[in-house]
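Novice: Protein chains in written order, with numbering that gives the first Met the number 0: chain A, 0 to 192; chain B, 0 to 596. Submitted below is the structure of interest, expressed as structure tokens.
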Amino acid sequence: MSSSTQSILLAGVGGQGILRASDILSLALMEAGFDAKKSEVHGMAQRGGCVTSHVRYGTKVYSPIAKKRDINILLSFEIMETLRYLDYLKPGGRVILNVAEIYPPAVNLGEARYPSDVIAMVKNHVNNVKIVNASELADKAGNSRTANIVLLGALSSLVTEINADCWERVLRSSFPKKVVKANLAAFELGRNP
Amino acid sequence: MKALMSGNEAIARGAYEYGVTFASAYPGTPSTEITEEFSKYDGVYAEWSPNEKVALEVSIGAAIAGTKSMAVMKHVGVNVAADPLFTVSYTGTNGGLVIITADDPSLHSSQNEQDNRNYARFAKIPMIEPADSQEAKEYIKLAFQISETFDTPVFLRSTTRVSHSKSVVNLDEPSPRKDTTEIRHNRDKYVMVPAKARLRRVEVEKRMEKLKEFAETFPENRIELNNTDVGIITAGMCYNYAKDAFPDYSYLKLGMVNPLPVKLIREFAAKVKKLYVVEELDPFIEDQVRALGIDVVGKEIFPYTNEFDPGVIEASMTGGSPDTAVELPIPIPIRPPNLCPGCPHRGLFYVLGKMNAFVSGDIGCYTLSFMKPLEGIDSCVCMGASIGMAHGMSKALGKKGKGKVIAVIGDSTFIHSGITPLLNTVYNRSDVVTVICDNRTTAMTGMQEHPATGSTLQGQATKALDFVSLGKALGVESVHVVNPLDLEATRGVMKEELAKEGPSLVISQSPCALLRSKTIDEIVPLTVDPHVCTGCKVCLRLGCPAISWKRFEDLGDLKIEKKTKKQDGIAVIDASLCNGCTVCAQVCKFDSIREVQ
């Protein structure tokens, strides 16, 4: 199998800035000299539904989506969503999870309970789990809407193939001038909390 | 220069580089961004047409006038455009004409999963199919070259994973533009009356014969010889999935899926021990390979339904199970897509859900209201079907259906294909109440302009269609405009109209929540007074993502006196999500929902 290809899965809820984060990640991988592909689904799924984005890189990437049990890193933007994609992780794969809770409709209606011990359940299956409070760090960076970039920063510490200069170049080119500073700060807080 | 582009962006770029100057389309996932991106390049004309049939006819006209033009649509859009499609195959084109069909295996955002490769065979039109963004950029050029060489419309087929995946693309400079337009009369070729069409019919067969020869040497139909124990014939994104799963096998990668290169297929089959066809949806290639008398493995092991991924192909070919579920102690609640906070459809469907009527629905965001808790729509078939179906139901039910049949349709969808069935309710006289859910945009596909918004795709101010005048001109006598964020008024108008004889039209008008948040100066979010809320849960029945239920034990330090014996919690509004539509405040009988001070 194409063992040199690495796969990252970003998962969460529509509106959390997942596609933006995966765009920036893919651009940085391309800038770092990799063949990179990413895939996600637009349209109906965006309206508050589950959103996933597969990002794959290596010397030559064929499929833009990974098969199950083939993900090296799962970056989860919402705590419960982590559980939905555990079966995509490779044995030995790593998880970064954001503690944000977004209730699905059945929970809001009081028809289902939001799971209370997600971190324990994840740790039961995965040894390497990194926990991030992205909205707290985003506030610290001065812009509550940069939580997705905090998480990208947290991911960057595991994607060692991209150096800090490359990240900064891509981040600077990805935002309008007035919010570049907050996003760079958010990235840094995620990378080195 | 390199860029990371989606398949859709790459198709637009390729068209621009090749000197295409004309595009017409109706938005539809996963095709929408092709036309949006193309419209931004210099020196091009691009339009949102009212529907795909019009879009194709517009592009046919532009091609006959000598431009390179493309008509862009999703798979089901080709159904709408099928009428001109089958005959433009006879007339051929003058300038290049490419029809882009973006199919949606897995129905990510569609009502069906049809395989539009069948249209290519059915209408006798060549079809090419790229596998990633770089190919998408090159294949649109090849499509135009084939069109120009063989005087034929050409299909370029994409799928959701090609359109919406991003990969690395090498950019080229655009070729210089020449004005090739002029009026050329050629009635033998373009007037498809029987006497002339019979002659063109023969030309179509001759053209297909030439294209079959062309396919044999078309460089994008290529054999990659490797381990010859297994040979795989495949095309489009499936090539990438298969290569990912089995990089060492031999491949016949088809860039052109209609017509197929028969000699090349025979040559490849002779070189490998075991032959597979890997294709999503229908056994389109497989059936044709079998018809050549070649032994092949296909749909007996691969699924007919849903998109593939490397895991599906691997599991099918090795007999393994793709089931890799991780066992969890609790079920994870599902997270379906939902109407946005402040969506004007919420108020309308809250009211309609309580009307004890059959609500014949249509295609758009509002279709989501079929789910709990609104349960406001009873059917959804295709664009425009709401009104025709409601009329048929009303006629069939007779007196039993009086005041009980409602059609709901979005503004863009109404323009797409709701006008003629509305006319039918007048002409053939039924009691249907048609509601246009007018949110002033094409919301579901990402806020495109349409003929009632007053602006074109390329940002020109234009005449805006007036639904009230249109309804009256069609002969609807009772036409009302109502704001769906005003529940009392909406309920009142609906009751009145359902009681009337004959067809009526209600325009439920309020801008999409995503437009509203951009246009109003200050959004004042609402909040629940925890000491007034009785925990009756009526507001939760709106299904607004900003409103959630908190049990008393989850409230931390906040001490609340129970209003009833049974009360076990309160409703809470997330101010960061709320956009102040006030519908929840209107349903609260206890006046516990107020503006944030």
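All C-beta atoms in this analysis are idealised placements derived from N, C-alpha and C, irrespective of residue type, glycine included.
Reducing DSSP to helix, strand and coil, say where B:H449 ends up.
Specialist: It is coil, neither helix nor strand.
Novice: Does A:T4 come within less than 9 Å of chain B when only Cβ atoms are used?
Specialist: So yes, A:T4 belongs to the interface.
Novice: Could you tell me the boundaries of the alpha helix (DSSP H) in which A:I26 lies?
Specialist: For clarity, residue 26 of chain A is Leu in the given sequence; the question names Ile instead. Segment 17–30, the alpha helix (DSSP H) holding A:L26.
Novice: Output needed for A:E77: all residues of its chain with C-beta closer than 6 Å, excluding positions within five of it in sequence on either side, in chain order.
Specialist: Correct list, in chain order: G11, V12, A99, I101.
Novice: With DSSP collapsed to three states, give me the class of A:N97.
Specialist: Correct three-state label for A:N97: strand.
Novice: Need the endpoints of the beta strand (DSSP E) that B:Y44 sits in, please.
Specialist: Here the beta strand (DSSP E) through B:Y44 covers 44–47.
Novice: Whose Cβ in chain A lies nearer than 8 Å to the Cβ of B:D281?
Specialist: Near B:D281 there are no residues of chain A at all, since even the closest Cβ is about 21 Å away, more than 8 Å.
Novice: According to DSSP, B:V527 sits in a beta bridge with which residue or residues?
Specialist: B:V527 is bridged to B:I592.
Novice: Within this structure, are the beta carbons of B:I124 and B:P152 separated by less than 9 Å?
Specialist: Against a cut-off of 9 Å, the Cβ pair of B:P152 and B:I124 comes out as a contact.
Novice: I need the boundaries of the alpha helix (DSSP H) containing B:Q457, first residue and last residue.
Specialist: Segment: none, B:Q457 is in no alpha helix (DSSP H) and carries neither H nor E.
Novice: With 16 as the cutoff for other CB atoms within 10 Å, does A:M0 come out buried or exposed?
Specialist: Reliability of the predicted coordinates at A:M0 is poor, the pLDDT of 38 falling under 50, and no value is obtained from them.
Novice: Rounded to whole angstroms, what is the Cα-Cα separation between B:E137 and A:G109?
Specialist: Taking the straight line joining both Cα atoms gives about 52 Å.
Novice: 9 Å is my cut-off, CB to CB: does A:I161 come that close to chain B?
Specialist: Cβ-Cβ to chain B under 9 Å: no for A:I161.
Novice: Under 9 Å between C-beta atoms, does A:N107 make it to chain B?
Specialist: Yes - at least one Cβ of chain B is within 9 Å of the one on A:N107.
Novice: Can you list, in chain order, the stretches of the alpha helix (DSSP H) that have 4 or more residues and sit fully within the region 308–352 of chain B?
Specialist: Counting whole runs of 4 or more residues, the region 308–352 of chain B contains the alpha helix (DSSP H) stretches 309–317, 343–351.
Novice: Can you tell which of B:P544, B:S503, B:L464 has its C-alpha closest to the C-alpha of B:T433?
Specialist: Here the closest residue by C-alpha is B:S503.
Novice: Quick one: give me the first and last residue of the alpha helix (DSSP H) that B:I59 is part of.
Specialist: Here the alpha helix (DSSP H) through B:I59 covers 51–63.
Novice: Unbroken alpha helix (DSSP H) runs of length 4 or more, entirely within the region 210–260 of chain B: which are they?
Specialist: Here the runs fully enclosed are 236–244.
Novice: DSSP three-state label for B:G409, please.
Specialist: Residue state, collapsed to three classes: strand.
Novice: By the criterion of Cβ-Cβ separation under 8 Å, what are the contact partners of B:W548 in chain A?
Specialist: Within 8 Å Cβ-Cβ: V106, N107, L108, G109.
Novice: Would you mind sorting A:K37 into buried or exposed? The rule is 16 or more other CB atoms within 10 Å of its CB.
Specialist: Burial call: buried.
Novice: Assign B:K371 to buried or exposed, taking buried as 16 or more other Cβ atoms, counted over all protein chains shown, within 10 Å of its Cβ.
Specialist: B:K371 should be labelled exposed.
Novice: Does B:K188 pass the burial test, meaning 16 or more other C-beta atoms within 10 Å, or should it be called exposed?
Specialist: When all chains shown are included, B:K188 counts as buried.
Novice: With H, G and I counted as helix, E and B as strand and the rest as coil, what does DSSP make of B:P420?
Specialist: The answer is helix: DSSP assigns B:P420 an H, G or I state.
Novice: Hey, does B:R345 have any beta-carbon neighbour from chain A nearer than 9 Å?
Specialist: Not an interface residue.
Novice: Is there contact here, the region 523–543 of chain B with the region 568–581 of chain B, by at least three beta-carbon pairs under 8 Å?
Specialist: A contact exists between the region 523–543 of chain B and the region 568–581 of chain B.
Novice: Say whether chain B places a C-beta atom closer than 9 Å to the C-beta of A:S1.
Specialist: With a pLDDT of 42 at A:S1, under the threshold of 50, the predicted position of this residue should be treated as unreliable, and no value is reported.
Novice: Give the secondary structure of B:F154 by DSSP, where H, G and I count as helix, E and B as strand, and everything else as coil.
Specialist: DSSP places B:F154 in strand when its eight states are reduced to three.
Novice: Do the region 21–35 of chain A and the region 81–93 of chain B meet, that is, are 3 or more Cβ pairs less than 8 Å apart?
Specialist: The region 21–35 of chain A, when compared against the region 81–93 of chain B, does not touch it at the 8 Å Cβ threshold.
Novice: Quick check: what's the CA-CA separation for A:W166 versus A:V178?
Specialist: Near 16 Å, if we compare the C-alpha coordinates of A:V178 and A:W166.
Novice: Quick one, which of B:H449, B:A130, B:L263, B:V404 has its alpha-carbon nearest B:G391's?
Specialist: The residue with the shortest Cα to Cα distance from B:G391 is B:V404.
Novice: With DSSP as the reference, identify every bridge partner of B:F357, one or two as the case may be.
Specialist: DSSP, once it has assigned bridges, lists B:V404 as partnering B:F357.
Novice: Anyone know if the C-beta pair for B:E32 and B:S5 falls short of 9 Å?
Specialist: Yes; because the gap between Cβ atoms is below 9 Å, this pair is in contact.
Novice: When the Cα atoms are used, what is the spatial distance from B:K140 to B:V201?
Specialist: C-alpha separation (whole angstroms): 27 Å.
Novice: Which residues in the same chain as B:T412 place their Cβ atom closer than 7 Å to its Cβ, once the five residues preceding and following it in sequence are excluded?
Specialist: Cβ within range, chain order: D361, I362, G363, M382, G383.
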